[in-house]
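Chains as they are written, first to last, in the working numbering: chain A, 3 to 394; chain B, 52 to 324. Data first, discussion second: the structure below is written as structure tokens.
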Amino acid sequence: MIRGIEAPSWWRPVSWVLWGLVLAAVVATIVRYATGIATIANVNQAYPWGWWVGFDMLTRIALGGVGFTMAAAAEIFGVKSLRPLTRAAVLVGLLWYATYAAVLMVELGRPWLVWWVFISWAPTSAMYEVALCAVAYMTVLMLEFSPQVLAKLGLTTPLRRIRAVYLLIVITGVSLSSLHQSSLGTLLLLVPTKVHPLWHTELLPPMFLLSAIMAGPAMMIVEHSLSTRFLRLTPRMDALRSLGRGLTVLVAVYLAVRIGDVLYRGVADQALVFDFVARWFWLEITIGLVVPLALLLTPDVERHEWRLFAAGVCVVVGVALHRLNAAVFTMKVHSWETYQPATTEVLISVGAMAAMVLVYAFVVSWLPIHTEPPIEPESGRAPSGAVAQVAS
Amino acid sequence: MSPKAMIQDNTRCIGCRACMIACMAWNNLPGDTGQHFFAGAGYQNPRDLDARNYTVITYSGIEAGPTGQPDWVFGRLLCMHCLEPACASACPTTALRKTPEGPVVFNSFRCIGCRYCMQACPFVVPKFEFDRVVPVIHKCTFCADRIAVGREPACAQVCPTEAITFGEREDMVKEARHRIASAPTRYVPHIYGLDEVGGTSILHLSSVPFEQLGYPTNLPDRPPPTLTQKALQFTPKIFTTVWVTMALITMFVRRRFRFWAEDEHGENHDPRH
């Protein structure tokens, strides 16, 4: 079914490096299960949450928002140009969520008991809502992705059934996402004395949802730019244009909310002292919001793919920074105790990223994620997203 | 049973640490060799609560005591057993819960080790066994097992100077107020735990401002769970509203733009195909 996607020559050595990183993370995980979390992580009694929560939970789920935002844009709001991208969006979303779940099994102290969540009733706990909705949404992502697999395997009956309810699945996915994406903010809402005032606001839940929506088109631009380059496909400029426009609006709105909130709560002076905390704040605002907005507002941005790509990368980094700043970097509990992520903590995350790339590479070579055979093959016209050198 | 409370009168504390020993004895906790002396705030050993120490007497130096000379003041770390505990509201498996008698109790059987209770606690009380293969959360139990059979907590029983007083919370609040009123020079006019985070079951009294004892003093009077409740109460409404809105938009867009038609390139990008 898929034609012409072949790995670039450098893929083999790169894939070995990625396998090495996955292996290293697996070894670290084995050590953690054999000797306890303290061996590989710096989380401690005052800072029980570290890098794994800040990055692998809060950030991965936010970036996984690409699945529901793109599905909503294409299927619900009817942005036609984005429809060819939804398969890739769902795949990338699924990979972010799957790696979140995988790292969670390292991060939790007693992961073998995680099923307790599903037979508990704890409506007062944001963690409970995140857990239930994230699992439900992962199921939705799998259902959204299943047509690709079912078609490949030629299972027509289940395929027909999925197709019949596909829109309901998409709508349910958007509803579940708006719940748990905002509940990630509620997690931090509970600790007004530990989260720094520049980040702690009663608007955290809607802001986390908004930044997840903002991460959607950004992540999609990054994915599409990278995949078309490395798989030697022609970028769909119409889709990139739509994504760029959407991203511009979202970044502008988010920037206004973020700055407006800091000003409204009267904590702006804490950003002007230029200490450790303020530096992180300005880094987050500059890299994550101001720079991408400036790039997106340059004239003719729609014809300069690299500017869109750079803006996308900036927004993705900015979303990660916002969450890491709030939950890890600027959190202060005891004056005499600190937390810095251990190398092995970051290694687990890096290993999970490497696994994502490997699975992604396998899936795009197995299923038609980026290419779609034209409806009328006899016309001889290659679709705009098809392989550039089909004939070669 | 009506809610119980305990007064921790730090002005009466002589720093003998009998409460720490009684706590370890009653809860079968191993003795601590302690390598943290001089490592934290204050000069106590161990410096802070951990999985093996449910209560710690803190030793803080102040520049001018009652006689004008530098002096020691004592404080006590233990679970405050909040009236609306953030830890219990945070626990996704309800392993932590507030009992009607006052203690916030922990059921290790249900714990998945997410450590949200540690993060949630404004007093940084729940502790985790990061160095264990099968770790458990540990914290003061308010001797819930002793209270259940009508006895006072182990620490209250052994205190030789009556710095720890146990009883009904109503009576304890009255008693604390009475002590401050009858000896205004001895106490700072503040009952720590009366209003902090919505009130706690442990009420601290002190001769010096509480920040000099190392107590967290940036606490709101509003219980933290009310913050998250404000967001979480809308869960069913958000789900329904978003679902219905999205369904309506879908129907509208599809009717209007004849969505399923092939696009101008003759491609059909229906992801269902």
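Where is the CB? At the ideal position from N, CA and C, for every residue including glycine.
Report task. Please check if any C-beta of chain B sits within less than 8 Å of the C-beta of Trp-18/A. Result -> Indexing the first sequence from 1 puts residue 18/A at position 16. It does not: the Cβ of Trp-18/A has no partner Cβ on chain B nearer than 8 Å.
Query raised in the report: For the 8 Å Cβ check, are there 3 or more pairs between the region 304-318 of chain A and the region 344-360 of chain A?
Result: no
Query raised in the report: Along chain A, which residues have their Cβ under 8 Å away from the Cβ of Lys-178/B?
Result: On the second sequence, position 127 is the one that residue 178/B refers to. Neighbours of Lys-178/B across chain A, judged by C-beta separation under 8 Å: Gln-47.
Query raised in the report: For a contact meaning CB atoms closer than 7 Å, what does Leu-191/A contact in chain B?
Result: Position 189 of the first sequence holds residue 191/A. Those within 7 Å of Leu-191/A in chain B are Leu-278, Thr-279 and Ala-282.
Query raised in the report: Quick one: is Thr-236/A buried, meaning 16 or more other Cβ sit within 10 Å of its Cβ, or exposed?
Result: In the first sequence, counting from the first residue as 1, residue 236/A sits at position 234. Its Cβ having fewer than 16 others within 10 Å, Thr-236/A is exposed.
Query raised in the report: Mapping DSSP to helix, strand and coil, what is Ile-253/B?
Result: One-based indexing of the second sequence puts residue 253/B at position 202. Three-state DSSP puts Ile-253/B in a strand.
Report task. Find out if the Cβ-Cβ distance for the pair Ile-58/B, Thr-216/B is shorter than 8 Å. Result -> Position 7 of the second sequence, counted from the start, is the residue given in the question as residue 58/B. Position 165 of the second sequence, counted from the start, is the residue given in the question as residue 216/B. The answer is yes: Cβ separation under 8 Å.
Query raised in the report: Using the C-alpha atoms, what's the distance from Phe-147/A back to Gly-175/A?
Result: Translated into the one-based positions of the first sequence, residue 175/A becomes position 173. Translated into the one-based positions of the first sequence, residue 147/A becomes position 145. Cα-Cα distance, rounded: 12 Å.
Query raised in the report: Whose CA, out of Ala-153/A, Pro-219/A and Ser-337/A, lies closest to the CA of Val-251/A?
Result: Position 249 of the first sequence holds residue 251/A. A check of alpha carbon separations from Val-251/A across Ala-153/A, Pro-219/A and Ser-337/A identifies Pro-219/A as the nearest.
Query raised in the report: Is DSSP giving Gly-95/A helix, strand or coil here?
Result: Here residue 95/A refers to the residue found at position 93 of the first sequence. Gly-95/A falls in the helix class under three-state DSSP.
Query - The beta strand (DSSP E) enclosing Thr-216/B, as first and last residue numbers - result: Walking along the second sequence from the start, residue 216/B turns up at place 165. Unbroken beta strand (DSSP E) run through Thr-216/B: 215-219.
Query - Those residues which DSSP pairs with Met-57/B across a bridge - result: Start at 1 with the first residue of the second sequence, and residue 57/B comes out as number 6. Phe-217/B and Ile-253/B.
Report task. Please report the Cβ distance between Leu-323/A and Glu-347/A, rounded to the nearest whole angstrom; I am assuming they are in contact, meaning their Cβ atoms lie under 8 Å. Result -> In the first sequence, residue 323/A corresponds to position 321, counting from 1. In the first sequence, residue 347/A corresponds to position 345, counting from 1. Between Leu-323/A and Glu-347/A a beta carbon distance of about 17 Å is seen, past the 8 Å cut, so the two are scored as non-contacting.
Query - Among Ala-27/A, Met-333/A and Leu-155/A, nearest to Pro-199/A - alpha-carbon criterion - result: If you number the first sequence from 1, residue 199/A lands on position 197. Cα-wise, what sits closest to Pro-199/A is Met-333/A.
Report task. Whole angstroms is fine: what's the gap from Thr-41/A's alpha carbon to Val-185/B's? Result -> For this step, residue 41/A is matched to residue 39 along the first sequence. For this step, residue 185/B is matched to residue 134 along the second sequence. Spanning the two alpha carbons is a distance of roughly 14 Å.
Requested in this report: Indicate whether at least one CB of chain B lies closer than 8 Å to the CB of Val-330/A.
Outcome: By one-based count along the first sequence, residue 330/A stands at place 328. No, Val-330/A does not count as interfacial toward chain B.
Query raised in the report: Is it true that the CB of Ile-215/A sits closer than 8 Å to the CB of Leu-310/A?
Result: On the first sequence, residue 310/A is found 308 positions in, with the first residue counted as 1. On the first sequence, residue 215/A is found 213 positions in, with the first residue counted as 1. Result no, Cβ atoms of Leu-310/A and Ile-215/A do not sit closer than 8 Å.
Query raised in the report: Would you say Arg-163/A touches the ligand GTP, meaning its beta carbon is less than 7 Å from a heavy atom?
Result: Ligands in the displayed structure: none, and consequently the ligand GTP is not present.
Query - Straight-line Cα distance separating Leu-152/A from Leu-65/A - result: The count along the first sequence starts at 1 and reaches residue 65/A at position 63. The count along the first sequence starts at 1 and reaches residue 152/A at position 150. Cα to Cα, the separation comes out at about 26 Å.
Report task. May I have the straight-line CA-CA distance separating Val-209/B from Ala-69/B, to the nearest angstrom? Result -> Here residue 209/B refers to the residue found at position 158 of the second sequence. Here residue 69/B refers to the residue found at position 18 of the second sequence. Spanning the two alpha carbons is a distance of roughly 6 Å.
Query raised in the report: Cβ atoms of Arg-63/B and Glu-226/B: under 8 Å apart, would you say?
Result: Numbered from its first residue, the second sequence carries residue 226/B at position 175. Numbered from its first residue, the second sequence carries residue 63/B at position 12. Against a cut-off of 8 Å, the Cβ pair of Arg-63/B and Glu-226/B comes out as no contact.
Query - Spatial distance of Ser-2/A from Pro-208/A (CA atoms) - result: Summary: the structure shown does not reach residue 2/A, with chain A confined to residues 3 through 394, and so no result is reported for it.
Query raised in the report: Do the region 59-78 of chain A and the region 270-284 of chain B make contact, defined as three or more Cβ pairs closer than 8 Å?
Result: no
Query raised in the report: In terms of alpha-carbon separation, which member of Thr-158/A, Pro-160/A, Ala-217/A and Leu-155/A lies closest to Gln-183/A?
Result: To locate residue 183/A, count along the first sequence from 1; it is residue 181. Nearest of Thr-158/A, Pro-160/A, Ala-217/A and Leu-155/A to Gln-183/A, Cα basis: Ala-217/A.
Query raised in the report: In the DSSP assignment, what are the bridge partners of Tyr-243/B?
Result: As a working note, residue 243/B is residue 192 in the second sequence. DSSP, once it has assigned bridges, lists His-255/B as partnering Tyr-243/B.
Query raised in the report: Would you say Asp-272/B reaches chain A, if we count a Cβ-Cβ gap shorter than 8 Å as a contact?
Result: Here residue 272/B is taken as the residue at index 221 of the second sequence, counted from 1. So, not an interface residue.
Query raised in the report: For Asn-104/B, is the classification buried or exposed, using 16 other Cβ atoms within 10 angstroms of its Cβ as the cut-off for buried?
Result: Here residue 104/B is taken as the residue at index 53 of the second sequence, counted from 1. When all chains shown are included, Asn-104/B counts as buried.
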